[in-house]
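**Q** Be aware that the sequence shown starts at 5, since it is given in the working numbering, and climbs by one per residue. After the C-alpha cells below, expect a handful of questions from me.
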Amino acid sequence: MITPEVKQRVYKLLTESFPFDEPQPFAKVALYLTKQGIKSSDYGYAKMKPFLSEMPEFLLIREILLGQNPQQEITLRRWKEAKDSAFASMVNIPNKTLEGYGLLIGKSKDEALSALSDAYARAKAEGRLTQTEDQQIFETDQARILLTPNRYVVTDSKPWHLSFTAKTGQIAESQGLQGQSVASLTQENKKDIYFALSEVLPKEETLHMAVVSKVMNDAGHSKEQYGFYKMKLLLQELGEFLSLEEAVMGGVPQTLVTLHAVPDWDQEGGRTVEPGAESVRLNGEPSLPHKMMGSVQLLPKTLAKLNLALTGVEAPPTQQVVQAVCAGYDKARATGTLRERNNAYLFSVDLRDKNGEPIYASIKRSDYGVYPWYLNFAGVSRSNPMRNPGKELERFAFLGSWSNFLEELERKALPEPWDFEDSQNKKYFILQKYIQYTFYRLQLEDKVCVAEDGSFAAFNTGLVTQHYDDLYACFEPSDESHKTKWRFLEFCTAAGRGVGKRLVDYFNPLPQPPSYFECKEDLLFDLEKELHTDYEHILLDNVARLPLEFLREECHGMRAALEVVDRIEEAGDWREKKLRYQELSDRIAETPRLFNRLRNRLEDAIEMARKQVRWNYKTAIPCFFPTRNVMSLMLPLSLQDDSRADAALVVERTRSGNYQGQTILTLQQAYLDGRLLCRPNSEWLDTRNISGAEDDVEEDEEE
5 MITPEVKQRV YKLLTESFPF DEPQPFAKVA LYLTKQGIKS SDYGYAKMKP
55 FLSEMPEFLL IREILLGQNP QQEITLRRWK EAKDSAFASM VNIPNKTLEG
105 YGLLIGKSKD EALSALSDAY ARAKAEGRLT QTEDQQIFET DQARILLTPN
155 RYVVTDSKPW HLSFTAKTGQ IAESQGLQGQ SVASLTQENK KDIYFALSEV
205 LPKEETLHMA VVSKVMNDAG HSKEQYGFYK MKLLLQELGE FLSLEEAVMG
255 GVPQTLVTLH AVPDWDQEGG RTVEPGAESV RLNGEPSLPH KMMGSVQLLP
305 KTLAKLNLAL TGVEAPPTQQ VVQAVCAGYD KARATGTLRE RNNAYLFSVD
355 LRDKNGEPIY ASIKRSDYGV YPWYLNFAGV SRSNPMRNPG KELERFAFLG
405 SWSNFLEELE RKALPEPWDF EDSQNKKYFI LQKYIQYTFY RLQLEDKVCV
455 AEDGSFAAFN TGLVTQHYDD LYACFEPSDE SHKTKWRFLE FCTAAGRGVG
505 KRLVDYFNPL PQPPSYFECK EDLLFDLEKE LHTDYEHILL DNVARLPLEF
555 LREECHGMRA ALEVVDRIEE AGDWREKKLR YQELSDRIAE TPRLFNRLRN
605 RLEDAIEMAR KQVRWNYKTA IPCFFPTRNV MSLMLPLSLQ DDSRADAALV
655 VERTRSGNYQ GQTILTLQQA YLDGRLLCRP NSEWLDTRNI SGAEDDVEED
705 EEE
C-alpha cells in the first residue's frame with residue numbers, strides 16, 4: 005500500500021514539470037520520476053506501471069495503438085484532495101516570493117503555502133476578498149496579498165500571479181527586531197553585512213548588483229529581514245562601504261555596486277588583509293581567486309549540464325547545488341587540493357549524480373567580461389563507466405562472449421552492413437552499439453518483460469528476420485557464479501522452435517520494440533523555421549570532430565596554429581591527440597580571426613545543407629541521443645567538397661519552434677545514433693563512405 009506522503013511527493017514532482025489533462029508518453033513520465041529518485045522497486049513494485057496505477061486520484065493510464073505498436077500514455081489530473089491543491093493550482097507563486105513570505109511569518113516554504121491557502125479560503129468565506137477583473141486582494145496579519153493576471157500563462161497554466169506587501173512593523177517583529185523602525189539599520193547590522201560581503205567579494209571592483217544581492221541573501225541578509233521592499237534601497241543605506249552607479253549595458257539599464265574597505269572595521273573584526281594576499285599564484289599561473297562567488301562566472305549552460313547529470317533535466321539547478329559547487333572550490337583552494345588539467349583547475353564537489361557517481365568541476369581563466377575566471381565544467385568525469393548507458397545490457401545479464409552474442413544476432417537478422425569501411429575494430433561494431441542502446445531505451449520505456457514467476461525474461465531487439473518476423477532476446481535466471489540476475493539464452497521469433505514457444509507462453513502481448521517518435525516534427529526539418537547554432541561549442545569544445553585537413557586549410561597563414569595541427573597528426577595515440585586538440589581549441593579561442601574564419605566556413609556548409617533538405621527532405625536524418633534521451637535531426641556538413649559530407653550538425657527543435665544547432669558529430673557517431681531508429685537511407689550517411697579509423701574514440705562523445 006502506498007502511503008499518502010508518497011502520493012503527495014509524486015503529485016508535487018509531476019505538477020512541477022507536466023501540464024494537467026494533457027496525455028504524455030508513459031516512458032517520459034516514468035523516466036522523469038526515476039531521475040527524481042522515485043523508483044518503483046523502493047516501494048515493492050517490480051515495474052513503474054503497477055506503482056503508478058496505485059494513484060488513480062491524479063493519474064490516468066491508458067493503452068493506445070500507435071501504428072501497429074501498442075503504447076501507454078499517462079495523463080496528470082488535478083488532485084482535489086491534495087493539500088492546498090485548489091489554491092496552488094490556480095496561483096503562480098515564485099519561489100523567491102514564497103521564501104520571502106515564509107521569512108516574514110517565520111515558517112518554511114511549505115508552511116507558508118499552507119498559510120496563504122488558508123488565508124485565501126478564509127477571506128473568500130468571510131467576504132474579505134476584493135475581486136475585480138484584473139486583481140484579487142486579501143490581507144493576512146502580516147501582509148497585503150495581491151493576485152494579478154499571470155503574464156506567463158503561455159508556459160504556466162495558472163491564471164493568477166501572487167505578490168505581497170509587508171505591513172509596517174511586521175518584518176521587524178517577525179525577525180525579533182521589535183523596537184527598530186522599519187527600513188532602519190543599526191551599526192551592528194551594517195557591520196554584519198560588511199563582513200559577510202568581505203568574506204566573498206573583492207574590494208574596489210565593480211560588480212553587478214545581482215552578484216552582491218545573492219551573496220547577501222546566501223548569508224541571511226535579505227531585504228525583507230530589514231524591512232526593505234527592494235534590495236537597491238537596502239544597498240543605498242550601506243554608503244559607508246558600498247557605492248552604486250547606474251549604467252547601460254547591451255541596451256539594458258543596470259545597477260553596478262563597488263565594495264570599499266573600512267580599515268577600522270577590518271581591524272575590529274580581525275580581518276586585516278596582508279598586502280598582496282589576493283594575488284596568490286599556483287605553479288606560476290595567474291592568481292586564483294580565494295572564493296568562487298563574485299570572482300568566477302557561473303555559466304548558465306555549464307550549470308544546466310550539471311543539473312542534467314543530477315536530475316536528468318537540462319535546466320537551471322537549485323540554489324543548494326550552486327552553493328555546493330562554490331563550497332567545493334573554496335575548500336579545495338583553502339586546502340591546496342586543486343588539480344591542474346588542460347589549463348583548468350579541477351576540484352571535487354560534495355554531490356553525486358543520479359547513479360551515485362561523484363561530481364567534479366573546474367574553472368578556467370577568462371579574457372572576456374567582468375569576471376576573471378569562469379566555470380568551464382561541472383558534472384561526472386567522462387572516464388566514469390557508470391555514466392555510460394551502453395553498459396546497461398551487461399549489467400542486466402551475462403551475455404557470454406560479445407563475439408558469439410553478436411554473431412548469432414547478425415546471422416538471424418535481416419542482412420545489413422554492421423561495420424564501417426576499413427574498420428580496425430572487432431566485427432559487428434555497429435550492431436554492438438545498436439543492441440546496447442536499444443536495450444537502454446527499452447528499459448526507459450518499461451518494455452523489458454519478465455515472467456510473473458521470475459523464470460524467464462525477454463525484449464524485442466527491434467530487428468527482424470529475412471521473413472520480417474520480430475527477433476527477441478531471451479534470458480533465464482543466472483546461477484550464483486554470475487553477478488548479474490539473468491543469463492542470455494538465445495535470439496528467437498515468436499512461437500519458433502524451443503525458446504520461441506516459451507516466449508508466447510509467458511507473454512501476452514509480446515515484448516514491443518522501442519518507440520522514439522512523439523510527433524511528426526521529430527521526423528521532418530521545417531525550412532520555414534530559423535536555425536541558430538552554438539559555434540563556440542562546435543569550434544572550441546568539439547574541434548576534434550572536424551576533419552584535420554579542413555583545419556589545416558583554414559589555419560593557413562597562422563604558423564602557431566599550423567604547428568599544433570602538425571602535432572595532432574604526429575600524435576601516437578588518442579590520449580595525446582586529445583591534449584593536442586585542446587591546445588588547438590585554446591589557440592582558436594585566443595585568435596578571433598581564426599575563429600571567425602572557421603565560423604564562416606561552417607555557416608556556408610549549413611546553408612548548403614538547408615538547400616539539400618529543400619531538394620530532398622530525407623537529407624535530414626532523425627537520430628536518438630542515448631546519453632540525453634532526446635530526439636534530434638542531423639544535417640550533412642560538407643566542409644571540403646560540396647559532393648561529400650565530412651560531419652553532421654545535430655539540430656533540436658526549441659520551445660519557440662525554431663532550431664538550435666547543438667553540436668557536431670563525426671560521420672561514424674552520426675550513423676550510430678541514426679541507426680537506433682532505422683537503417684539510414686541517405687546518400688551522405690552510408691557505411692561504405694565512412695572510414696572505420698575512428699573506432700577507437702571514446703564512447704558517449706556526442707554531447
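Note that the Cβ used here is the ideal one computed from N, Cα and C, for glycine as well.
(1) Per DSSP, what are the beta-bridge partners of residue 474 in this structure?
(2) What's the gap between the Cα of residue 664 and the Cα of residue 685?
(3) Could you spell out the range, first to last residue, of the alpha helix (DSSP H) harbouring residue 313?
(4) What are the boundary residues of the alpha helix (DSSP H) that includes residue 412?
(5) Short of 6 Å in beta carbon distance, which residues of its chain neighbour residue 613, apart from the five on each side in sequence? Order them along the chain.
(6) For the alpha helix (DSSP H) that residue 656 lies in, which residues bound it at each end?
(7) Taking 7 Å as the CB-CB limit, is residue 83 close to chain C?
(8) Using only alpha-carbon positions, find the residue among 674, 63 and 297 that is nearest to residue 424.
(9) To the nearest angstrom, how far is it from the Cα of residue 506 to the Cα of residue 310?
(10) Determine the direct distance from the alpha carbon of residue 654 to that of residue 409, and round the result to whole angstroms.
(11) Buried or exposed, going by whether 16 or more other CB atoms sit within 10 Å of the CB of residue 600?
(12) When you compare the CB positions of residue 380 and residue 370, do they come within less than 7 Å of one another, or not?
(13) Looking at the structure shown, is residue 319 part of a helix, part of a strand, or coil, going by DSSP?
(14) Determine the burial state of residue 647: buried for a count of at least 16 other Cβ atoms within 10 Å of its Cβ, exposed for fewer.
(15) Should residue 650 go down as buried or exposed, given a rule of 16 or more other Cβ atoms within 10 Å for buried?
(16) Just to confirm before moving on: does the CB-CB distance between residue 511 and residue 453 stay below 7 Å?
(17) Could you name the residues of the same chain whose beta carbon sits closer than 8 Å to that of residue 621, not counting the 5 residues immediately before and after it, in chain order?
(18) If I measure Cβ to Cβ from residue 533 and keep anything under 7 Å in the same chain, skipping five residues before and after, which residues do I get?
(19) Three Cβ pairs or more, each shorter than 8 Å: is that satisfied between the stretch 399-408 and the stretch 492-503?
(20) Indicate whether residue 517 and residue 458 have their beta-carbon atoms separated by less than 7 Å.
(21) Have a look at residue 322 and residue 266 and give me their C-alpha separation to the nearest angstrom.
(22) In whole angstroms, what is the alpha-carbon distance linking residue 176 and residue 146?
(23) Taking the continuous beta strand (DSSP E) assigned at residue 485, which residues delimit it?
(24) Measuring only the C-alpha atoms, how far is residue 350 from residue 307?
(25) Taking the alpha carbon of residue 531 as the point to measure from, which residue in 617, 235, 514 and 45 has its own alpha carbon closest?
(26) Would you mind giving the Cβ-Cβ distance between residue 352 and residue 332, rounded to the nearest angstrom? I have them listed as a contact below 8 Å.
(27) Taking Cβ positions, are residue 358 and residue 43 nearer each other than 7 Å?
(28) Within its chain, find whatever has a CB closer than 7 Å to the CB of residue 116; leave out the 5 residues flanking it on each side and keep chain order.
(29) Using only the alpha-carbon positions, how far apart do residue 260 and residue 83 sit?
(30) Indicate whether residue 6 and residue 77 have their beta-carbon atoms separated by less than 7 Å.
(31) On the criterion of 16 or more Cβ atoms from any shown chain inside 10 Å, does residue 591 qualify as buried, or is it exposed?
(32) Quick check: what's the CA-CA separation for residue 26 versus residue 67?
(33) Rounded to whole angstroms, what's the CA-CA distance from residue 18 to residue 126? Just pull it up for me.
(34) Taking the C-alpha atoms as reference points, what is the distance between residue 754 and residue 625?
(35) Just to confirm before moving on: does the CB-CB distance between residue 546 and residue 694 stay below 7 Å?
**A** Working from what's here:
(1) 468
(2) 24 Å
(3) Counting along the chain, the alpha helix (DSSP H) containing residue 313 begins and ends at 304-315.
(4) Note, residue 412: alpha helix (DSSP H), 406-416.
(5) 639 and 640
(6) Counting along the chain, residue 656 falls outside any alpha helix (DSSP H), though it belongs to the beta strand (DSSP E) covering 651-657.
(7) You won't find chain C in this structure, because it holds only one protein chain.
(8) Checking every option, the nearest Cα to that of residue 424 belongs to 674.
(9) 45 Å
(10) So the alpha carbons of these two residues sit roughly 32 Å apart.
(11) exposed
(12) In this structure, residue 370 does not lie closer than 7 Å to residue 380 by Cβ.
(13) coil
(14) When all chains shown are included, residue 647 counts as exposed.
(15) In the assembly as shown, residue 650 is a buried residue. Its beta-carbon has 16 or more other beta-carbons within 10 Å.
(16) yes
(17) In chain order, 528 and 529 place their CB closer than 8 Å to the CB of residue 621, counting only its own chain and leaving out the 5 sequence neighbours on each side.
(18) 661, 662 and 663
(19) Flag = yes, the stretch 399-408 and the stretch 492-503 touch.
(20) no
(21) 34 Å
(22) In this predicted model, residue 176 has a pLDDT of only 42, less than 50, meaning its place in the structure is not dependable enough to derive any value.
(23) No beta strand (DSSP E) holds residue 485; DSSP gives it neither H nor E.
(24) 16 Å
(25) 617
(26) 6 Å
(27) No, the Cβ-Cβ distance between residue 358 and residue 43 is not below 7 Å.
(28) 102, 105, 106 and 109
(29) 46 Å
(30) Result no, Cβ atoms of residue 6 and residue 77 do not sit closer than 7 Å.
(31) buried
(32) 15 Å
(33) 28 Å
(34) For residue 754 there is no data in the structure shown, the boundaries of the chain being 5 and 707.
(35) no
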